[in-house]
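The structure under discussion appears below in the form of structure tokens.
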Amino acid sequence: MYGIKFFVIICALFFSLGANQLLAQDLSLLGNTGLMVIPTADLQSDRTLSFGYTYVHSEEVRYNFSKWPFTEGSAARVVYANLAFLPFMEATVRLTRPYAGKEELGLGDRSIFLRFRLLKERKYLPAIAIGLHDLISSPGGYFQSNYLVASKRWGVEEKVYYQASGGYGFKWSDANQGYLLGLFGGVRADWKFLSAVVEYDAEQLNAGLKAHFFKRHIYLNVGFLQLKHLSIGLAANLRL
Amino acid sequence: MKHSLKSCFIIGLYLLCLSSYQSLSGQDWMGAQSDQWKVEQEVISLLEDEGFQNIAVRLDSTTFQLTFENRLYRFEPTAIRRIIELISRPLLNSEAENLVLLVQSQGVVLMSVELPVTAQLFYDRSWALIGQQMKVELLPSTQPSFSKKMVNNSGNYSFELSVLPGLRLALGGQPDPLAYELDLRPRLTTYLWKGAKLKTELILPISTELNIAENKMVRPGLLAFQQFIRLPKNVLMSVSAGYFSDYRYGAEMEVGRFWLNGRLFLNARLGRTGYASYPIRLGLDEPEKGWQFSPLSYWNYYLGAAYRIPRWDLTVELSYAKALYNQQVVELSCTRQFNELDIGFFAYRTEEGDNYGFRLSVPIFPAKYFRPGRFHFRPAKHFEQRYQGSLHFASHYETGGDLRTYFKKLNPDFVKSQISNRTQ
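Residue numbers (this note's numbering), protein chains in the order written: chain G, 1027 to 1266; chain Z, 16 to 439.
Below, the structure written as structure tokens:
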């Protein structure tokens, strides 16, 4: 409850302040460019390599393993590396592992996410990207998701500026646990080194704050999934 | 009589003038030759002192040709830049108007780098400008005419000991989901004659969590001879024989041809191998020392096409192969070179199923090695890792000689961009 109040206050402050700043193309809690959970059509700038770590709240069953028998009620840690492999292609290599298990667990779920930008953002047209998450996978495929997403920013000359993203996620094959199935979307607003995010991930509302430090080489994501479950991610990047 | 005396006097005078003129021109010519010789010797000595091998130079009227082999620097563009730095002063003092660097690998000229000799380029040494004016050609059509006597600091019949770290990870197993095996692979490469080398490698286990008995014993790695030949029409050929990786022995021939100045590469490999292992038993049983062989009866082949997109230093490869264990494999891969770091993604299909993953090749410190002599020690140049997403593996053995290496590391577009883009 305190978390929500805090978030609302921060958002109110946030929208009342302003400075001209470029929109950051930073990573979501899950390791691809995006808001808290949902992807955007942005890609990291070419040759950017990022490493990140995310703590996912135990109640967020679609983003961890807490509904599985041996790991029931466990939060998850997500470790990932994201590379802007080409100016129009991004790849994420990710490992998702429960914090606690009653018996010996495997290493965790390993997955590769590939994202391609189909259209660059123009004055009146949004950027469009396609994402193939965990497309070719061993039978697990816990985090399989495929989607088309569009993003458009506005207010670039203003003190605060915004980006809206919307997309549609679909199943390609039978996966154990798909996410982003159906329509999803979100809005972010940027001011100086901070961003506020509100999103709908096809099933629930999430919100959060993003902060960038050291000339955007370090990102911090503080997310409230379902507007209440705190999940935190930290990422660092370098240019190859 | 008077006339004849006069004629004799005139003829004598003419001959005297002619002879003195000839002797004067001869001195000039000798002087020029001597200056030229001095420049050549200075360049040779600079490169020899630095540690380059197979050096030969020739100053023909206005073109300065220099051939060399780099076993000193990890990265070929770094070596080229260093050479340009080293020879700037003597070149500017010479009459050379063009510089042609002929880059060798195992004594075979594979690439030429041509650029005009101007004070602006060589004094200011603006690499961006040098890169712009540089003409880089893979397998240059004009072959240098250097005799064996002209070659200084020969790299033939020399030994190079390199140490490769070996790391294997087994992910997702039970009970240990992350098991590793670490070993060191000292490799002695003997450079023989032009294009020929012999690789002998030992695998020294350091630590292993994989429950494979033979991996705990010291065992041979590669024991292979390779002869590499450059043929006309941009064709390279390599023949390897000996004991390869993946417990194979036998021989393999590879032929590759370049098009579009190295942007397109087609290659084919044909191998005849058999099974051979040094520990007599493989698997969980206690290994026994000694060699075990099967007949040399297995044919394998590989057909590959690679295209390079210079804008992104990206190589897209498509291949079809008959790999080990009768597997037919179709593979598509994309590899991008981020300076010296290679990152690639691949996907392949076998009759048993699909697989996909990524590979990395990370440069290992240092960037410059000890000055090579008859015996030379250095760490491995790169640490390579490959991750495969499923259990449908396709097995290819390694011979230690692969023509694709030249396609990637000596690619003209890549070399040019690396010379011009690197920080000053």
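C-beta atoms are modelled at their ideal positions from N, C-alpha and C, and glycine is treated no differently.
Partner residues on chain G for residue i, Cβ-Cβ distance less than 9 Å
i	result
Z/G187	G1132, L1133, G1134, R1136 and S1164
Z/L193	L1133
Helix, strand or coil at residue i according to DSSP, with G and I counted as helix
i	result
G/L1266	coil
G/S1054	coil
Z/N276	helix
Z/E301	coil
Z/I227	coil
Z/W208	coil
Z/I59	helix
Z/E216	strand
Z/D191	coil
G/G1134	coil
Z/M232	coil
Z/A320	strand
G/V1104	strand
G/K1146	coil
G/E1085	coil
Z/I244	strand
Z/Q147	helix
G/T1059	strand
Z/T93	helix
Z/F137	helix
Z/I70	strand
Z/E152	strand
Z/R326	helix
Z/S292	strand
Z/S120	strand
G/K1178	strand
Per-residue contacts from residue i into chain G (C-beta, under 8 Å)
i	result
Z/F373	A1117, V1119 and I1138
Z/L356	L1266
Proximal residues of chain Z, C-beta to C-beta of residue i below 8 Å
i	result
G/L1112	W327, L329 and R351
G/R1073	F353
G/L1109	I358
Under 7 Å by beta carbon: chain Z residues contacting residue i
i	result
G/N1206	The amino acid occupying residue 1206 of chain G in the given sequence is Leu; Asn does not appear at that position. Correct list: empty, because the minimum Cβ distance to chain Z is about 21 Å.
Residue from the options with nearest C-alpha to residue i
i	options	result
G/S1100	G/S1084, G/E1147, G/P1113 and G/K1197	G/S1084
Z/V124	Z/S156, Z/D191, Z/E224 and Z/Y293	Z/S156
Z/F373	Z/F385, Z/D357 and Z/K383	Z/D357
G/Y1079	G/L1266, G/N1263 and G/G1259	G/G1259
Z/T215	Z/L186, Z/L176 and Z/G146	Z/L176
Z/C349	Z/K337, Z/Y363 and Z/A338	Z/Y363
Z/T204	Z/F390, Z/K423 and Z/K424	Z/F390
Z/S334	Z/P310, Z/F174 and Z/A283	Z/A283
Z/R296	Z/W306, Z/D191, Z/S109 and Z/L318	Z/W306
Z/G286	Z/M126, Z/K337 and Z/A320	Z/K337
G/E1184	G/I1156, G/A1176 and G/D1216	G/D1216
G/V1213	G/F1219, G/L1206, G/V1223 and G/Y1205	G/V1223
G/G1192	G/R1143, G/L1069 and G/D1227	G/D1227
Z/S60	Z/Y313, Z/T133, Z/L81 and Z/Y322	Z/L81
Z/S309	Z/E269, Z/G265, Z/G271 and Z/R323	Z/G265
G/N1263	G/R1073, G/M1062, G/D1068 and G/V1063	G/R1073
G/A1176	G/R1148, G/F1139, G/K1254 and G/V1119	G/R1148
Z/G388	Z/E55, Z/E63 and Z/T365	Z/E63
Z/V233	Z/W208, Z/D198 and Z/N276	Z/D198
Z/N276	Z/P427, Z/R73, Z/R386 and Z/L107	Z/P427
G/L1266	Z/K212, Z/W274 and Z/N354	Z/N354
G/W1198	G/Y1187, G/Y1173, G/S1221 and G/A1190	G/Y1173
Within chain G, partners of residue i - CB distance below 7 Å
i	result
Z/I98	Neighbours of Z/I98 on chain G: none; closest Cβ ~26 Å, over 7 Å.
Z/P220	Neighbours of Z/P220 on chain G: none; closest Cβ ~23 Å, over 7 Å.
Under 9 Å from the C-beta of residue i: neighbouring residues of chain Z
i	result
G/R1141	Those within 9 Å of G/R1141 in chain Z number zero; the least Cβ separation is about 13 Å.
query: Do three or more CB pairs link the stretch 237 to 255 of chain Z to the stretch 294 to 304 of chain Z at distances below 8 Å?
result: The stretch 237 to 255 of chain Z, when compared against the stretch 294 to 304 of chain Z, does not touch it at the 8 Å Cβ threshold.
- request: Report yes or no: do the stretch 322 to 335 of chain Z and the stretch 422 to 435 of chain Z share at least 3 C-beta pairs separated by less than 8 Å?
  value: The stretch 322 to 335 of chain Z vs the stretch 422 to 435 of chain Z: in contact.
- request: Identify every run of the beta strand (DSSP E) within the stretch 341 to 426 of chain Z, keeping only runs that are complete inside it and at least 3 residues long; order them along the chain.
  value: Listed in chain order, the complete beta strand (DSSP E) runs (minimum 3 residues) inside the stretch 341 to 426 of chain Z are 343 to 353, 356 to 364, 369 to 378, 390 to 394 and 397 to 403.
- request: Determine contact between the stretch 408 to 421 of chain Z and the stretch 338 to 358 of chain Z, defined as no fewer than three beta-carbon pairs at a distance below 8 Å.
  value: The answer is yes - the stretch 338 to 358 of chain Z touches the stretch 408 to 421 of chain Z, with three or more Cβ pairs under 8 Å.
message: When you compare the stretch 225 to 243 of chain Z with the stretch 256 to 267 of chain Z, are there three or more beta-carbon pairs, one atom per stretch, that lie closer than 8 Å?
response: In short, these stretches touch, since the Cβ pair count reaches three.
- prompt: Can at least three beta-carbon pairs, one atom from the stretch 101 to 116 of chain Z and one from the stretch 85 to 93 of chain Z, be found at a separation below 8 Å?
  reply: The answer is no - the stretch 85 to 93 of chain Z does not touch the stretch 101 to 116 of chain Z, with fewer than three Cβ pairs under 8 Å.
query: For the 8 Å Cβ check, are there 3 or more pairs between the stretch 1232 to 1252 of chain G and the stretch 1052 to 1066 of chain G?
result: As far as the Cβ criterion goes, the stretch 1232 to 1252 of chain G touches the stretch 1052 to 1066 of chain G, which means the pair count is three or higher.
- request: Kindly confirm or deny that the stretch 179 to 188 of chain Z and the stretch 161 to 170 of chain Z touch, where touching means at least three C-beta pairs closer than 8 Å.
  value: Segments in contact, no.
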